[in-house]
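Everything in the sequence shown is counted per our numbering, starting at 28 for the first residue and increasing by one.
What follows is a set of notes on a single structure, which appears directly below.
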Amino acid sequence: MSLGFPIVVDWRVLLFTLVVSVMTGLGFGIFPALQLSGTNINQTLRDEGRGATGGRHHLELKGLLVVGQVALSLMLLIAAGLLLRSFMRLMSVDPGFDPARVLTMKVSLPTVKYAKPEQQIAFFDEMLRKVSAVPGVGSTAMSAALPLTPIRVTPVLPEGQPDVPLAQRPFIIIEAITPGWFHTMRVPLKAGRDFKDTDTGQSPNVVIINEALAHQYWPNENPLGKHILVGRQTSAAEIIGVAANVKNSGLALDTQPQLYLPFRQLPWGNMNLLVRTNMEPHAMISAVRGQISAVDPDQPVTGIQSIEELLDDSRAQPRSTMLLLTIFSATALALVMVGLYGVLAYLVAQRRQELGIRLALGADKSQIMRMIIQHGLKLTLVGISVGLVIALVAALAVSLVGVGFMETLLYKAGLRDLTTFAFVPPVFLAIFLLACYIPARQATKVDPAEALR
């Protein structure tokens with residue numbers, strides 16, 4: 028499974044982390060020392076003697092830190108929840124083609140040996156003929172670009188649009204393919220016909236457009252038979268077919284208008300072989316490479332992978348981002364739970380004498396437990412409220428100002444996704460109630476006689 032980008036140890040990051048850690052330790056060590064140096068001994072002794080109010084200032088400070096930790100952890104969990112919902116939607120996106128059992132490999136012809144278009148066409152024709160004859164191969168085709176990754180755009184002039192200079196014309200994705208590409212990739216043709224072997228450089232120019240382009244320029248008309256001037260061509264190409272939309276700029280982006288041109292009218296030396304097999308694609312690698320070598324023993328192939336692997340790679344970065352943020356969120360959640368437990372345990376220790384008196388006077392253990400849990404619940408609810416408000420304000424600010432870094436990582440899971448904002452706080456609260464239970468349970472086990480002594 029690809030992670031989308033390499034994760035390596037960077038000495039600059041390590042140095043920055045070391046400096047931040049040292050400064051944090053010094054900062055949090057200096058403040059208690061300064062507080063201790065300015066302590067009023069008489070007042071402290073009086074506070075400690077009262078038991079119930081002893082160290083109240085320190086307890087309030089610790090509670091404030093817990094509130095801040097809860098708020099920060101909640102914001103991280105909301106962000107992780109948004110990324111998780113986004114990734115789940117991305118996994119169910121229909122790319123517009125069937126990626127199952129399709130093997131692909133890049134064939135780049137050397138310009139010295141295959142300089143002329145006729146030589147390139149002859150090589151690829153023979154290669155397709157031999158590969159198609161391999162047992163287990165269902166169909167074959169070629170394309171200049173792999174799915175999801177366009178490599179060429181060109182200015183076009185659709186019929187009915189104003190005749191403007193070349194630089195002012197809209198730039199559209201173009202793709203050179205061989206006949207049978209739509210069949211191999213199982214992309215349905217909504218209207219018209221596929222390319223034929225007779226669509227060559229000597230025949231009239233033809234193109235197939237996708238639905239996005241048809242809707243953009245001929246929303247209420249039949250585009251078949253209309254013409255479109257491609258690039259610097261002097262004669263316009265006739266539209267002979269309309270293909271279903273295919274994700275051509277990544278899974279998370281809407282399909283862009285696109286033109287398909289027959290390879291024989293736009294020959295190129297760098298092509299991708301697509302082989303739909305009747306078995307596991309990797310089992311066919313040796314046989315396919317053998318047929319390519321039979322055409323030219325010196326011709327290498329690169330980028331061997333299945334289309335399913337290609338799709339998996341396209342999801343790698345959002346997956347890795349989601350995993351890293353989830354790990355950070357889980358770490359923050361664990362630290363906050365430890366912090367809340369520490370505050371409540373400190374509260375029990377500070378109020379040990381008070382709790383012993385309450386128990387000696389007949390207080391029920393459930394009342395003691397409820398008192399401690401209510402204190403932890405108060406801190407948690409304040410932290411959740413603060414974190415939720417900050418998260419909502421940040422989401423609203425990002426949506427008003429423009430698309431930010433976080434929003435670019437989300438696919439159909441906006442920053443104001445109410446489901447995530449409504450689901451995370453209750454789960455968060457349930458987890459923290461568990462953190463409150465242990466010190467509350469300890470408070471009920473205080474021995475009144477020992478506490479009074």
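Where is the CB? At the ideal position from N, CA and C, for every residue including glycine.
Top-ranked residue by Cα proximity to residue i, from the options
i       : options                            : result
Met-102 : Met-132, Val-420, Ile-399, Leu-461 : Val-420
Thr-181 : Ala-263, Ala-279, Ala-357, Pro-197 : Pro-197
Pro-324 : Lys-405, Val-134, Ala-310, Gly-228 : Val-134
Lys-392 : Leu-445, Gln-469, Leu-367, Phe-448 : Gln-469
Ala-172 : Leu-111, Gly-187, Trp-208          : Trp-208
Ile-255 : Glu-248, Pro-246, Asn-247, Ile-235 : Ile-235
Val-315 : Ser-166, Leu-382, Leu-360          : Ser-166
Arg-385 : Thr-282, Pro-126, Lys-472, Ala-106 : Lys-472
Ser-113 : Ser-347, Ser-333, Val-370          : Ser-347
Ile-105 : Thr-353, Thr-407, Val-257          : Thr-353
Gly-414 : Pro-162, Thr-446, Leu-99, Thr-358  : Leu-99
Gly-366 : Cys-463, Arg-39, Asn-272, Ala-343  : Cys-463
Phe-290 : Met-349, Phe-448, Gln-147, Gly-95  : Gln-147
Gly-219 : Lys-253, Asp-281, Pro-246, Pro-308 : Lys-253
Glu-186 : Thr-304, Gly-268, Val-257, Gly-52  : Val-257
Ala-359 : Lys-157, Asp-121, Val-97           : Val-97
Leu-362 : Leu-41, His-210, Thr-44, Ile-458   : Ile-458
His-538 : Gln-394, Glu-336, Pro-294, Val-454 : Absent from the structure is residue 538, since the part of the chain shown begins at 28 and ends at 480.
Asp-281 : Asp-37, Pro-137, Asp-121, Leu-350  : Asp-121
His-242 : Thr-227, Asp-226, Gln-285          : Gln-285
Proximity below 8 Å, CB of residue i to CB of residue j
i       : j       : result
Ala-372 : Pro-466 : yes
Pro-189 : Ser-276 : no
Gln-292 : Asn-232 : yes
Asn-299 : Ser-170 : yes
Ala-270 : Tyr-287 : yes
Ala-279 : Leu-117 : yes
Gln-131 : Ile-334 : The amino acid occupying residue 131 in the given sequence is Thr; Gln does not appear at that position. Their beta carbons are under 8 Å apart, which means Thr-131 touches Ile-334 by this criterion.
Leu-338 : Val-93  : no
Glu-153 : Val-322 : yes
Ile-200 : Gln-283 : yes
Met-311 : Val-164 : yes
Gly-123 : Val-183 : no
Asp-340 : Leu-109 : no
Leu-301 : Ala-168 : yes
Pro-345 : Val-273 : no
Gly-90  : Val-370 : yes
Ile-266 : Pro-246 : no
Val-158 : Gln-318 : yes
Leu-456 : Ile-395 : no
Pro-294 : Pro-144 : yes
Endpoints, alpha helix (DSSP H) assigned at residue i
i       : result
His-254 : Taken as a continuous stretch (DSSP letters only), His-254 belongs to no alpha helix (DSSP H), being part of the beta strand (DSSP E) at 254-257.
Ala-194 : Ala-194 -> no alpha helix (DSSP H), and no H or E assigned at all.
Gly-123 : Premise fails: Gly-123 is in no alpha helix (DSSP H) and is neither H nor E.
Gln-229 : No alpha helix (DSSP H) contains Gln-229, which DSSP labels as neither H nor E.
Asp-152 : 144-159
Glu-248 : Counting along the chain, Glu-248 falls outside any alpha helix (DSSP H), and DSSP gives it neither H nor E.
Phe-455 : 445-470
Gly-383 : 379-387
Residue range of the beta strand (DSSP E) that includes residue i
i       : result
Leu-184 : 180-185
Leu-216 : 216-219
Ala-270 : 264-270
Glu-313 : The residue asked about is misnamed: residue 313 is Ser in this sequence, not Glu. No beta strand (DSSP E) holds Ser-313; the alpha helix (DSSP H) holding it covers 312-322.
Lys-133 : 129-135
Buried versus exposed call for residue i [16 or more other C-beta atoms within 10 Å across all chains shown]
i       : result
Lys-223 : exposed
Ala-142 : exposed
Ser-119 : exposed
Gln-380 : buried
Val-451 : buried
Met-212 : buried
Ile-399 : buried
Ala-264 : buried
Ser-356 : buried
Leu-155 : buried
Lys-140 : exposed
Pro-162 : exposed
Met-115 : exposed
Bridge-paired residues (DSSP) for residue i
i       : result
Arg-112 : Answer by DSSP bridge pairing: none, since Arg-112 is not bridged.
Pro-289 : Ile-204
Leu-371 : Leu-371 is not bridged to any residue.
Ala-168 : Leu-301
Asn-237 : Ala-270
Ile-199 : Thr-181
Gln-332 : Thr-131
Residue i Cβ short of 7 Å to the ligand COA heavy atom set
i       : result
His-309 : Although the ligand COA was asked about, the structure shown includes no ligands whatsoever.
Residue-chain proximity (residue i, chain C), Cβ-Cβ < 8 Å
i       : result
Ala-263 : Given the protein chain composition of this structure (a single chain), no chain C is represented.
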